[in-house]
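Peer 1: Let me give you the structure first, and then I'll get to my questions.
Below is the structure:
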């Protein structure tokens, strides 16, 4: 759920060759799909590193704004680590003033409950703010 409770897992081990297409999970066959609201699908490499992940939401954004993700920020030099305590949709970093130049290596991303993301920023930490879809609507 959006607070981080895992309802079910479907571990699928499959080697996928380059340029190969295949179906790993047929979503319409999952009977609880309307009840779970979301599907988080990490793709793990053979050396156990996260290669890629996709988040699929089966609920309206209005259903997801009821939970405050309580974003935690930690600055270390030009590195900013953002952690969410609940699902945070569309996290973004923005400059507080129009005359602040802000170059980001990553912006507009989702954070799952307990997940953190570290990004490199070009601006002074005092000149930026971090927000998300729910944060904007709950404030």
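In my numbering, the protein residues as written are 124 to 262.
Ideal Cβ positions, reconstructed from N, Cα and C, are used throughout, including at glycine.
Just to confirm, are residue 216 and residue 239 a CB contact at a threshold of 9 Å?
Peer 2: Here residue 216 is taken as the residue at index 93 of the chain shown, counted from 1. Here residue 239 is taken as the residue at index 116 of the chain shown, counted from 1. Not a contact, by the Cβ cut-off of 9 Å.
Peer 1: Leaving out five residues on either side along the sequence, give the residues of the same chain with a beta carbon under 8 Å from the beta carbon of residue 227.
Peer 2: If you number the chain shown from 1, residue 227 lands on position 104. Same-chain partners within the cutoff: 216, 242, 243, 244, 245.
Peer 1: When DSSP labels each residue in this structure, what does residue 252 get in the three-state scheme?
Peer 2: Within the chain shown, numbered from 1, the residue matching residue 252 stands at position 129. The answer is strand: DSSP assigns residue 252 an E or B state.
Peer 1: Ignoring anything shorter than 3 residues or poking outside the region 179 to 240, list the beta strand (DSSP E) runs there in chain order.
Peer 2: For the region 179 to 240, whole beta strand (DSSP E) runs of length 3 or above, ordered along the chain, are 195 to 199, 202 to 206, 211 to 218, 232 to 234.
Peer 1: So is residue 310 buried or exposed if we call it buried at 16+ other beta carbons inside 10 Å?
Peer 2: Only positions 124 to 262 of the chain appear in the structure, and residue 310 is not among them; the question remains open.
Peer 1: Let's test the definition: count the other Cβ atoms within 10 Å of the Cβ of residue 214 and tell me whether it reaches 16, buried, or not, exposed.
Peer 2: Locating residue 214 in the chain shown gives position 91, counting from the first residue. By the neighbour-count rule (16 or more Cβ atoms within 10 Å), residue 214 is buried.
Peer 1: Thinking C-beta only, is residue 234 closer than 9 Å to residue 255?
Peer 2: The residue labelled residue 255 in the question sits at position 132 within the chain shown. The residue labelled residue 234 in the question sits at position 111 within the chain shown. In contact: residue 255 and residue 234 (Cβ atoms closer than 9 Å).
Peer 1: Return the chain-ordered list of same chain residues with a C-beta closer than 6 Å to the C-beta of residue 219, the five sequence neighbours on each side being excluded.
Peer 2: Residue numbering aside, residue 219 sits at position 96 when the chain shown is read from its first letter. Answer for residue 219: 250, 252, listed in chain order.
Peer 1: Buried or exposed: where does residue 212 fall if 16 or more other Cβ atoms within 10 Å of its Cβ makes it buried?
Peer 2: One-based indexing of the chain shown puts residue 212 at position 89. Flag for residue 212 reads buried.
Peer 1: Pick from 237, 132, 180: whose alpha carbon is nearest that of residue 191?
Peer 2: Stepping through the chain shown from its first residue, residue 191 is reached at position 68. It is 237.
Peer 1: Among 210, 229, 199, 133, which has the Cα closest to the Cα of residue 189?
Peer 2: Along the chain shown, one-based indexing puts residue 189 at 66. Nearest of 210, 229, 199, 133 to residue 189, Cα basis: 210.
Peer 1: Determine the direct distance from the alpha carbon of residue 171 to that of residue 138, and round the result to whole angstroms.
Peer 2: Within the chain shown, residue 138 is the residue found at index 15, counting from 1. Within the chain shown, residue 171 is the residue found at index 48, counting from 1. Rounded to whole angstroms, residue 138 to residue 171 spans 13 Å at the Cα level.
Peer 1: Which same chain residues end up closer than 7 Å to residue 128 when comparing Cβ atoms and leaving out the 5 residues on each side of it in sequence?
Peer 2: As a position in the chain shown, residue 128 is number 5, starting the count at 1. No residues qualify anywhere along the chain.
Peer 1: One question on the structure: do residue 258 and residue 196 come within less than 9 Å of each other, judged by their Cβ atoms?
Peer 2: Translated into positions along the chain shown, residue 258 becomes position 135. Translated into positions along the chain shown, residue 196 becomes position 73. Cβ atoms of residue 258 and residue 196: not closer than 9 Å.
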